[in-house]
Every structure is written in structure tokens, then in C-alpha cells.
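First the structure, in the form of C-alpha cells, and then the observations on it.
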Amino acid sequence: MINRRSTLKSMALGAVSTLALAALGISSAQADNKELKIGFVGVTSGPAAAWGTSNVRSMQTRAAWINETGGVKIGNDTYKINIVTFDDQKDPKRAIAGMEKMAQEGIHYVVGPNVDDGAAAVRPVAEANGIIYFPYAFPKALYQKPASNAVLGMIANYQSGPAIYKYLKENKGVKKIAFVAANESDPLSQRDSGVEAAKALGLEIVAQNDTYQNDTRDFTPVLTPIVALKPDLLVLSGVAPANAPLLIRAARELGYEGLISTETAQDAKVLEEGAGEYANGFISVGGASTPEIASDAMKEFVNRYTKMFGEYNDESNTKVYALEYIIETLKANPAAINDVAEFKKTMDTFSAPNPFLKGDAKLSYVGMTSFGQKRQLSVPMVVNEYKDGAFQTLFVGSVD
Amino acid sequence: MEQVIANGLYLGAQYALIALGLTLIFALMNVLNFAHGQMYVLGGFITYTVYGQLGLPFVVALLASGITLAVIGALMEKFLFRTVIRRSHREESTMLLAAATAFFFDAVILLLFGEKQRGVPKIVKGVFNDAGIIMPYDRMVVGALAIVFIAAFVLYMQYSRVGRAMRALAQDRVAAQLMGVRVDRYSMIGFALGAMLAGVVGGLLVTITGVNSGIGGPISIKAFLMVMIGGAGVVGGAIAGGFILGMMESVGLTALREYGDVTYLVIFAALMVFLSIRPNGLMGKPWG
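Right, dumping it as C-alpha cells:
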């Protein structure tokens, strides 16, 4: 006879059986596909959110693409990629908390942080916990011995700046140069190294002390005295993508007719919306950003990114690389999956085809000239010129 | 020098308009609305969507920003601030609530509109360049509109029935209630009006400075600065504070440029000295 007690008992047994079967299914699936966790610690909120968001979304797009095609084979195992993210809000204290979280999760490879002070702050945590991290920050001390766990994820301004100024001096007749920077550690250090590079080239520096608060919305008062000095080139040192169009527009509206450049990556859509035709001729640095050099895989990446997030961010032309380097290096030496010492060994000799560029370009670690050891991703130094809503290649350089 | 003064006047007009909504809400309800900057940002994004993306006329976009924010403000007052003010005896409760709404708006705006800086086509093209002054026409239009809005707001508060009721409320809440003023109703209207002003100025300025999801906090801080200079809860004070801050910024960025980013250092130092002498600001007394 079926009573309430037996019904409840049957339901409980059924639930337990279902859970057990589900758990069994999950564990067998896990046996089929292991998971490789890659971390991200960087800024995805506030005025600089674009920097970190383009990082995260690049990683998520690439990871989804890899997972969709069955995962990545490293050694004898196939792994699904799981991106673990942490928003440090551009705060070094939170960056430390983020890196500690990555350590607790047993993650050995982390992309970020995006700014100098955050990257410097996480160094002790990364080194103590066997984490290799890929900052988008330029302090040389992070990449020079005795430091060994940080790998610069992009071209530094002290690498691209001299090349840009030299090109503009030789090809556009630039003689007088002015610098303006936000009053924060990254832009100020980028300005200082830019000033040094300009001096080394014999350029006349007409302004180098002008700064602004990063949350400035109207740059006309900032630029009024600089424009009056009539420089041939106005350098927006370390400018955030949110501020670049506002600075360009203010300078042009004040009648400035010279060149404007920066050494940070920018987004064409943001420039188009914020500065319109005033942005034509603006020079910045990107990765595999222009049709002349982008491979079919890069185009596919852009399409997938756009489909996934609604809109592409041109900063991802550079930020697409970090995850690719991590995966390819692990493929080259599977022992590195839980041992960063093995990863470091592999970096010295690593070479793999660059899927995002046309031709026979290679992925490899560089940085010997700047840091004395290979602690930088070899990303193409594509110097772009903005023109009517898109970037055009001005010249392509490289770092050794 | 003419250019510096022109820059200062333009900045002052836009700052004054930003500060008005904040001071109105403070005057009526003694609430420091930390979400004022986020309301400005939301107004900017609504104008961006309606004017920049959908291609509708700018006036329609501005109306959409104002009306949406007015509705949001009214709902916030009715369901959040009114409840907290009624139940809590501690003034910090409303401050905490305002801070929480600011964080909430930040997150929602980031989710809805993304992380990128956004801008819209200029509403008027061309640049005025004469007598040593360079000023784009769209800034002149926005500056003029800001002054018109400020004048309309002051006149509305001075002569309309609703304005008089709100001024009475600001002067003495209990006395106003005893005289038959419907406190709840006019508090809600006041909050809606303050939020609407934030939305309208956000929509207006998106044509000049664009908008991005992370600027709400800094906008609020600047608005508080203006209100502190002029005197909290005083309309004339907010206007004066806006123009003083705009002029100090413009002059400082030119005169002190050789010393790096010391303009705001000087402004904050001056503010500290000023507040120690006049803790209630320039016009520091309740409205009226």
C-alpha cells in the first residue's frame, strides 16, 4: 500500500540516485576533458575599464573558440580553457587580493594587471605562489633580473616612442614636440621616457610639465597654453582611450594643426564617435590591427568577438596575444602546466607560428635589449594612423 | 587672457547646471545624493542612444534623458529615500543609501552601455575665432542653453506654486507641513526635478565631452565641491560655486601649468582655508 511515508522515501531515493548519476556523469566528463584555468587580474570598471575589458573579452573569445573545437591538447591530455577573472578596479590593494585569489585557485598563469602600480604590487604574491603573470605595464624592474615572473604583454612606450618620433622627424619634418599626460604613475612615467627619447633625437621640447586629472571632461583649459606654443607634434603620453578623443577634439578646435600621437593602443570607433574627422592623422600603436597584415584567423577572431560581445575593441588587436602565448608555450613543454620553472626554461627557446599575422611571422619571447632577459611577448609594433573611422598602417617595427 | 576667461565662463555654466540638481535635493530632503554623477551619466547615455544611435532629433533625446531621469528620481524618492527617512533616525542612513544607489547605477550602466567612451555628432559645427577668443559654436550653444536652463529653474522656483512649496519645505519642513504643504508629494517632485536636471545636463554635455560609464563618481565629487563653495542647499550658492570652480580651473591650468598638476591641489587647499573661515560656504543658509 502506498502511503505518504513510502512516497517520501521513494522521492528521496530517486533524488539521491539522480544526484549520484549526475555526479558520475560530471566526473566522467572531467576525465574526458581536463580544465586549464587561466587567470585575469585587471581593471574592468571605472574610467579605465576599456583596458581590462578588452583583455578579458579577448581571452574569453579565444577560450570559447578553442573549447568549441574540442579544447587544446597539451601533452597527452586535452584541456578546456576556463578564464577566471578578477576586477582590481585599478587599485593595487585589490590587485593583490586578485592575485591571491588566483593562487588559492591553483592558477599558475595570469594575464594583467593593466597599470604600473598594480603590476608592481602583485609581484611578491606571484613570485611566492609560482605564478607567471603578463602585465600591460612598463616599469623595467618588473622584467629585469632578479624579477623573473612578469612577462610584458605589449610593446612598451620606451620601445615604440623613439621609433615614432624618429619616423615623424625624418618623414614629417617634426622639430618641436610637446607632451601632456594625466597626473598618474603610468602616463607620467611614459611622458618622462618620451621626453628622454625626444631629447636623444635632438627635438626641441616646448612643453613637458602639463598634466591633467584623469577624470577631466573638458580639456580646452589644459590645452589652451600648449597649443599657443605651436608644437609640430603633440604627444598624449599614456592616454586612456576615453580621454584621447576629447584631447584631440579640444586641440583641433583650438586651432592646432600639427601632428598628434600616443604610444598606447586606441579604439577606432571611440575616436570616430568622440572626435570625428578631427581624429584623422592621429598616430597610435596597435597589434595585428590593419587589413594589410591581419590573417584569416585574426579576422575570424574579430568576428567571434563581435558576435559574443556586440562590438569589437581595437585594443584587442594586441591583447589577443597573451592567452595564445600561454597555451602555445604549454604545448611546447607540457611539464610547465604546473611548474612555472619549466615555463621559464621554455621561454628562452620558444618559437611557434603567429596565427594572427599573414606570412611566416612567429610567436617568440623577446626583451633582451630592454630587460636583459626574454620577458616580453613579441607582438608586432604596428604604428597606425587613424583615417575616417579605421586605422591604416604607418609602419611596422619590432622589438628584440 | 580672453581665452582663459571664456574657458572659465563656459566651464562655470556647465558646472553650475550640474550642481543645481544636487543642491535642490539636499535643500529639500537633507540628502547628499552621491548618485548625482551616475544620474548625469545615465542621462548622457540616453541621449547617446536616442540621438547618436537611433538618429532622432537632439531635442527628443534631451527630453528622453530628462523624463527618464525624472521618473527614476521620483521612484527613488518614493520607494527608497522616503522609507529610509521615515524609519531611520540617523542621517547617515540616507548617505549610505545614496552611496549604494551610486554603486548600483555604476554597475547597471556598465552592463547596459559597456566600457567604451561614447560620443555623438556635433549639434552645431564650426568655431568662433575672433578678438583673441576661440570657441566652438556648439560650446556656445551649450553654454547659452545652460544659462537658459538655470534662469528657467530659478524663475520656476521663485514664482510657481510648486517652487514656492518646495522653498517652504526647504526652509522648515515641519512648518510647511503644518501650513498644509504635502511634504511627500513635493519631496518626490523635488527629487524628480533634481534627477531630471542631472539627466538633462548629462544629455547636453554628451555633445561636447562624450560619456563613459566610469565618470559618475568624479562628476559627483566636483558637484559636491561646487555646493560646498556656494553653500549647501542654496540655489544661488550652487550657481556661484559652479562659476568660481570653472574660473579657478581655467586660470589655474594656465597660470600654474609649469608646476605640473597643482591646480586642484591649490583649489583644495584654498577650499580648506575658505571653509575654516566660512564653514557654510558663500551663501550658507537654508533656502529662501
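As they're listed, the protein sequences go chains B and Y.
Start counting the first sequence at 1; every next residue gets the next number (my numbering).
Start counting the second sequence at 1001; every next residue gets the next number (my numbering).
Ideal Cβ placement from N, Cα and C applies to all residues, glycine included.
| Item | Value |
| --- | --- |
| Limits of the unbroken alpha helix (DSSP H) element including L152/B | Careful: L152/B lies outside any alpha helix (DSSP H) and carries neither H nor E. |
| Interfacial residues, the region 1046 to 1079 of chain Y to chain B, with Cβ spacing under 8 Å | G1052 |
| Contact set between T85/B and chain Y, taken where Cβ atoms lie within less than 9 Å | The premise fails here: T85/B is roughly 14 Å from chain Y at the closest Cβ pair, so nothing lies under 9 Å. |
| Three-state secondary structure (DSSP) of D388/B | coil |
| Closer than 7 Å: A332/B CB and nearest the ligand MN heavy atom | This structure lacks the ligand MN; in fact it carries no ligand of any kind. |
| Within 8 Å, strictly: CB atoms of G1066/Y and V1200/Y | yes |
| Proximal residues to T1101/Y (C-beta, below 6 Å), its chain only, five neighbours per side dropped | A1035 |
| Residue closest to P353/B, alpha-carbon to alpha-carbon, out of N114/B, S378/B, Y143/B and L142/B | S378/B |
| Rounded distance between the beta-carbons of I293/B and T393/B, thought under 8 Å | 7 Å |
| 8 Å Cβ cutoff met for F1191/Y and E1077/Y | yes |
| Close Cβ partners of T1263/Y (< 8 Å) along its chain, the five nearest in sequence each way excluded | M1248, E1249, G1252, L1253 and L1256 |
| A212/B: contacting residues in chain Y (beta-carbon distance under 7 Å) | Note that residue 212/B is Tyr in the sequence shown, not Ala. Simply D1261. |
| Unbroken beta strand (DSSP E) run spanning F1128/Y, endpoints | V1127 to D1130 |
| K90/B, enclosing beta strand (DSSP E) - first and last residue | Counting along the chain, K90/B falls outside any beta strand (DSSP E), and DSSP gives it neither H nor E. |
| Closer than 8 Å to chain Y by CB, N183/B | yes |
| Straight-line gap, K362/B to K93/B (C-alpha atoms, nearest Å) | 37 Å |
| Cβ shell of Q376/B (< 6 Å), same chain only, five flanking positions each side left out | L152, V366 and G367 |
| Buried/exposed call for R217/B, threshold 16 Cβ in 10 Å | buried |
| Per-residue DSSP class, three states only, for A1074/Y | helix |
| Q1117/Y versus G1216/Y, A1240/Y, G1237/Y and L1245/Y, residue with shortest Cα-Cα distance | G1216/Y |
| Residue from T264/B, N55/B, V84/B and Q213/B with nearest C-alpha to Y158/B | T264/B |
| Spatial distance of F1081/Y from E100/B (CA atoms) | 38 Å |
| The region 1133 to 1140 of chain Y touching the region 71 to 79 of chain B, judged by at least three CB pairs closer than 8 Å | no |
| C-alpha distance - G1073/Y paired with A1195/Y, whole-angstrom precision | 5 Å |
| Close Cβ partners of L1282/Y (< 7 Å) along its chain, the five nearest in sequence each way excluded | I1229, G1230, G1231, G1237 and A1240 |
| Any chain Y beta carbon closer than 8 Å to T220/B | yes |
| Contact belief for T220/B with A250/B at Cβ below 8 Å, rounded distance in angstroms | 5 Å |
| I131/B to T44/B span [Cα, whole Å] | 21 Å |
| Residue-chain proximity (G281/B, chain Y), Cβ-Cβ < 8 Å | no |
| As assigned by DSSP and simplified to three states, the class of Y1264/Y | helix |
| Any 3 or more C-beta pairs closer than 8 Å across the region 322 to 330 of chain B and the region 266 to 285 of chain B | no |
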